[in-house]
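To convert, take the position in the sequence shown, counting from 1, and add 219; that gives the numbering used here.
Just so you know, even glycine gets a beta-carbon here, dropped at the ideal spot from N, CA and C.
Quick caveat: nothing in here was measured; it's all calculated off a predicted structure.
Down below is the structure, laid out as structure tokens.
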Amino acid sequence: MRNNRIPLVSKQYLLPFILVSSLFFIWGFARSILDVLNKHFQQTMDITIARSSMIQATTYIGYFLMAIPAGLFLTRYGYRKGVVAGLLFFALGAFLFIPGEAGATFEIFLIALFIIGCGLVMLETAANPYITELGDRATAASRLNLAQAFNGLGCLLAPAAVGQFLLSPDGEGRVALPYTVMGIIVLLVAFLFSRVKLPEIDDDKEEKDKGELTVRKTLVQLIGNRRFITGVGALFFYEIAEISINSLFINYVTSDGWLAPSTAAVVLSFGGLGLFLLARIAGSAVMSRIRAEKVLIFCTAMTVVSSLLVVLNVGIASRAGLFCCYAFEAIIFPTIFALSVRGLGNATKLASSLLMMTPLGGAIGTMIMGTVADAVSISASFTVPCVAYLIVFLYSLTRRRLS
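And the structure:
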């Protein structure tokens, strides 16, 4: 049985897989810093949880507005140029933190984060479908989960590294410094990708002779594809849960004096996001042996149970439930993404851009969760991700029937 195992990555695509996987680390690091910024701006600018949630909202509005243009750009110019463009957007937004810090105005930071969001969605729109094509389609979900493990590594390191700097006891950490460093790094990575030749993957070799589909026809095709549309909806609700939990993690663990903010950032890194990373690696291995749909059903069911424990506010069990959310949600995004783009042929790039609009759910979820936390309690606000996880669980049951 082992001799018949399909290789996860085709040999001719090993180098492209490694290079593109590095991008997953970059956007994981960038997105995870937002969770530290949330608490940082609450301390330094004396703003409410609901107002600080604009950090996530602005970034993911960038995702929403730039997603389709990113897909059209990829369709016309290819994956490599899409990556370079995304990195340049990222660098521009990062460097805007310098005048933001000089002016000490929240709005300049929000503009910078919007531009970074535009860059990140270009990276994700290019990298996610590209990874699924670097080998046999039967192992696409497992391969994407492995690449997403680098995303998890970036998520893990960001709160620990940047949180210790920004969430110091006196709250005087300089926010422009880490973003300036990131801006320089992504410029170097953009230069590397502009020089390295990545193979362009034919989305569907059997359809090549039929000519390229127009954008309008492609959109009609995608909207009429039930598997794809339900995947978009599921990822939208998943992003509500994942992003809103990350955003309020530090607020939750510091609300009753359990942890200090700087300690909470480390616990977020090596506790929550460490479990997230390990679960992604384990999920990739499991799904090379068990159908992705089955693994998805189990994990989504457990996220519902875990988040419900947090809502009930039952001491140590609720804290354990919070960390279990990270462990069981880890495989959800890459698995749904891979299942949603499977067999879409020439529509894959545009489909990827539509899927990358779903982080808007995180912006909405974070604002709702922050409002509930301010008005009721931090535990009650976890009703938002709990309901979102429940909807994703219902999707997983439907997805198995559709398969």
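Length of the line joining the Cα atoms of residue i and residue j
{"i": "residue 316", "j": "residue 508", "result": "46 Å"}
{"i": "residue 453", "j": "residue 614", "result": "6 Å"}
{"i": "residue 629", "j": "residue 228", "result": "Residue 629 lies beyond the residue range present for the chain, which begins at 220 and ends at 622; the question has no answer from this structure."}
{"i": "residue 290", "j": "residue 366", "result": "20 Å"}
{"i": "residue 485", "j": "residue 458", "result": "23 Å"}
{"i": "residue 535", "j": "residue 361", "result": "33 Å"}
{"i": "residue 448", "j": "residue 558", "result": "11 Å"}
{"i": "residue 327", "j": "residue 516", "result": "42 Å"}
{"i": "residue 600", "j": "residue 581", "result": "14 Å"}
{"i": "residue 302", "j": "residue 478", "result": "39 Å"}
{"i": "residue 417", "j": "residue 598", "result": "47 Å"}
{"i": "residue 405", "j": "residue 304", "result": "11 Å"}
Residues near residue i in its chain [Cβ-Cβ closer than 7 Å; skip 5 each side]
{"i": "residue 502", "result": "364, 514, 549, 550"}
{"i": "residue 398", "result": "313, 316"}
{"i": "residue 354", "result": "226, 227, 228, 229, 232, 362"}
{"i": "residue 505", "result": "514"}
{"i": "residue 531", "result": "537"}
Local Cβ density within 10 Å of residue i, reported as buried at 16 or more and exposed below that
{"i": "residue 462", "result": "buried"}
{"i": "residue 254", "result": "buried"}
{"i": "residue 343", "result": "buried"}
{"i": "residue 604", "result": "buried"}
{"i": "residue 618", "result": "buried"}
{"i": "residue 373", "result": "buried"}
{"i": "residue 231", "result": "exposed"}
{"i": "residue 437", "result": "buried"}
{"i": "residue 271", "result": "buried"}
{"i": "residue 410", "result": "exposed"}
{"i": "residue 322", "result": "exposed"}
{"i": "residue 356", "result": "exposed"}
{"i": "residue 415", "result": "exposed"}
{"i": "residue 562", "result": "exposed"}
{"i": "residue 234", "result": "exposed"}
{"i": "residue 481", "result": "buried"}
{"i": "residue 240", "result": "buried"}
{"i": "residue 433", "result": "exposed"}
{"i": "residue 400", "result": "exposed"}
Identity of the residue in the options nearest residue i by Cα
{"i": "residue 435", "options": "570, 335, 517, 320", "result": "570"}
{"i": "residue 273", "options": "311, 439, 257, 573", "result": "257"}
{"i": "residue 606", "options": "525, 574, 532, 575", "result": "525"}
{"i": "residue 264", "options": "415, 325, 480, 321", "result": "325"}
{"i": "residue 251", "options": "404, 378, 347", "result": "378"}
{"i": "residue 519", "options": "441, 380, 336, 545", "result": "545"}
{"i": "residue 616", "options": "480, 446, 294, 275", "result": "446"}
{"i": "residue 285", "options": "472, 350, 335", "result": "335"}
{"i": "residue 300", "options": "404, 242, 412, 331", "result": "412"}
Own chain residues within Cβ distance below 6 Å of residue i, not counting five before or after
{"i": "residue 537", "result": "528, 529"}
{"i": "residue 523", "result": "608, 609, 612"}
{"i": "residue 521", "result": "547"}
{"i": "residue 555", "result": "450, 453, 454"}
{"i": "residue 498", "result": "546, 549"}
Same chain only: Cβ atoms within 8 Å of residue i, ignoring 5 sequence neighbours per side
{"i": "residue 468", "result": "254, 483, 487, 491, 541"}
{"i": "residue 496", "result": "368, 371, 372, 374, 375, 549"}
{"i": "residue 267", "result": "261, 589, 593"}
Contact with chain D by residue i, beta-carbon distance below 9 Å
{"i": "residue 276", "result": "No chain D appears in this structure, which consists of one protein chain only."}
Is it the case that the region 297 to 312 contacts the region 335 to 342, given that we only count it when at least three CB pairs across the two stretches are under 8 Å? yes
Using 8 Å as the cut-off, can you tell me whether the region 240 to 250 makes contact with the region 561 to 569, which would need three or more C-beta pairs spanning the two stretches below that distance? no
Taking contact to mean at least 3 C-beta pairs separated by less than 8 Å, is the region 276 to 291 in contact with the region 579 to 594? yes
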